[in-house]
Every structure is written in structure tokens, then in C-alpha cells.
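Be aware that the sequence shown starts at 1, since it is given in full-length UniProt numbering, and climbs by one per residue.
Written out below as C-alpha cells is the structure these notes cover.
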Amino acid sequence: MTGKRQDRARAFASSHLGTATADLLCAIAFLTRLPVPAGSAAHARPLSGAAWAFPLVGLPVGLAAGAAMALADALGVPALAAALLGLALSAFVTGALHEDGLADMLDGAWGGMDRARRLAIMRDSRIGGYGALGLVIATGIKAACLAHLIGGAGAEAAWLALIAAAMVGRGALPAVMHGLGHARETGLAAMAGRPDARRTGIAAAIGIIALPLLLGPGAGVVAGLLAALVAAKLAFVARWKLGGQTGDVLGAIEQAVEITVLLCAAAAIDPV
């Protein structure tokens, strides 16, 4: 009898581990350019079901970008240039998915006079003035924060902050997907679906746990509260101007949360 129970327990654990692995690979395939085997079960998973793993995708992205930044710093590259190299690798790994969303939302939300026109602008592949300026400012702020961390606390602290920002930025997305309706019936966000409350909570919990572990309890708590406020504010703007969320809205929120986390991490460093 005990042997049968152990067999059932092992089968149960194996099944859930396989499902979790498939979810993680599904999230990686969607949010990055990292290779996922063509025959993997991940490609058959619904993205809404894999949403809980979104913050975990930030871990390899942050690790890779931080490694490039730390290596550049070790080779004597100026801190600002090292930070920009790390951000460049991050954009390469993700295909600049979230940066593209930020630019499109800025162009659409502030470039159109009504909801239909705003959504049409966001579908346009061309970048406008709001989007271009927004990307420059966003990248500049992130690079300045990382350079400040490198100079004030070392490349390791900047690396940890970059990982935290990448994880929390992606961890905020399921909550927006769950709580905010779609602005249009077609498109990336509509295709992804709406994750349930349990998966949304798991994603949020991973981000909440990551912040104090990577930034320290003080900066971590402040960063978590401000990141939640920023995500909620942008979700409100999306509902007001667009009628709901789209893939571009999710990208913009991810970038805004990353910036918030990095600003908090940099502000926590004692001035030299």
C-alpha cells in the first residue's frame, strides 16, 4: 500500500514538474529569442496558463545582460558605456519586445485624437516622435541608474538590480492581463488570453520575493510599492485612452516597472 502511494506521489510530482517546465519554456519562447526545441510541449501551452512563469524569464535575461555589463566594467569600460552594453544585450535577447511596446503606446496614446485613431497608430510599424523620444529617455534613465550603481556599489550591485528589474517588470504583466480587458478583439494580448487569479498571484509573489532578496529589504519594499503604483497608473491610462490593454500596453508597463525598480535601487546607494 505504501509503495502504491509513493508511486502515485512520484507520478503526481513528475506530472506537475513537466507542466511547470512546459509553462516556463512557453514563457521563454514568447518573451525572448532564446531557443526552445521545436518539438517541445511548450509550443502547445496556452500563454495565459504560462503567465505565472513570466518573472522567471527575467532571470536569464537579467543574468545575460548583467554579465555583459560586469565584463565590460572589469575591462575598464566607463560605467555608462558598460550599462548601455548590458541594456543592448537585454534588448537583443528579448528582440526589443517591450521597448517596441513602449514606443508604440507613447505614439498611439498621445498621438491620436480618439480611441480608434490611437489604436490604428499603435498598429503602425513606423515610430513617431513620442515613441522615439520615449525610448531615448527610458534607455537613458536605466543606463544612468546602472552607471550610478556601478560607481557607488560596484558592478555586482548593478547586476542584481538589473535582474530584479527584469523579473519584476515581467511579473507585473499577468496582473494587468487579468484585471484589464482587451482594447481590441484581435492582436497579441487577445491571443494570449487572461490568466486566472492563481497564476496572477504566483507571478506577483515571485516578483515580491525577488525584490528584497536582490535589492535588500528597504529598497525592495519601496521598489515593490512604487512599481505596483506605476503599473496601476499606466493600466488606468490604457483603459482611459485605449479602452483596455494590448501587447504594446503590456510592453510599456514592463519598461515603466523596470525603470521604477532601477531608480529605487540607485536612490538607495549612499552618495560617495
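Backbone N, C-alpha and C define an ideal beta-carbon position, used for all residues, glycine too.
Contact under 8 Å by Cβ, residue i with residue j
i      : j      : result
Gly207 : Pro55  : yes
Gly86  : Ala109 : no
Ala65  : Ser90  : yes
His98  : Ala266 : no
Leu234 : Ala183 : no
Pro195 : Met167 : no
Ala81  : Ala88  : no
Leu226 : Ile163 : no
Ala138 : Ala83  : no
Ala70  : Ala155 : yes
Beta-carbon separation (whole angstroms), residue i vs residue j, contact threshold 8 Å
i      : j      : result
Ala219 : Ile150 : With 8 Å as the limit, Ala219 and Ile150 do not qualify as a contact, their Cβ atoms being about 16 Å apart.
Pro174 : Ala203 : 4 Å
Leu180 : Ala238 : 7 Å
Gly131 : Asp107 : 4 Å
Leu262 : Gly101 : The pair is not a contact, with the Cβ atoms about 18 Å apart (cut-off 8 Å).
Ala51  : Leu24  : Rounded, the Cβ-Cβ distance is 11 Å, inconsistent with contact.
Ala172 : Ala231 : 5 Å
Boundaries of the alpha helix (DSSP H) in which residue i is found, first to last residue
i      : result
Arg184 : Careful: Arg184 lies outside any alpha helix (DSSP H) and carries neither H nor E.
Trp110 : Leu97 to Gly111
Val230 : Pro217 to Leu242
Gly76  : Neither: Gly76 is in no alpha helix (DSSP H) and is coded neither H nor E.
Residue i burial status per 10 Å Cβ neighbour count (16 or more: buried)
i      : result
Gly62  : buried
Phe236 : exposed
Asp124 : exposed
Arg10  : Below a pLDDT of 50, predicted positions are generally treated as unreliable, and Arg10, at 39, falls in that range; no measurement from the model is reported.
Trp159 : buried
Ser15  : Residue placement at Ser15 cannot be trusted, given a pLDDT of 45 that sits under 50; the coordinates are not used to answer.
Three-state class that DSSP yields for residue i in the structure shown
i      : result
Gly251 : helix
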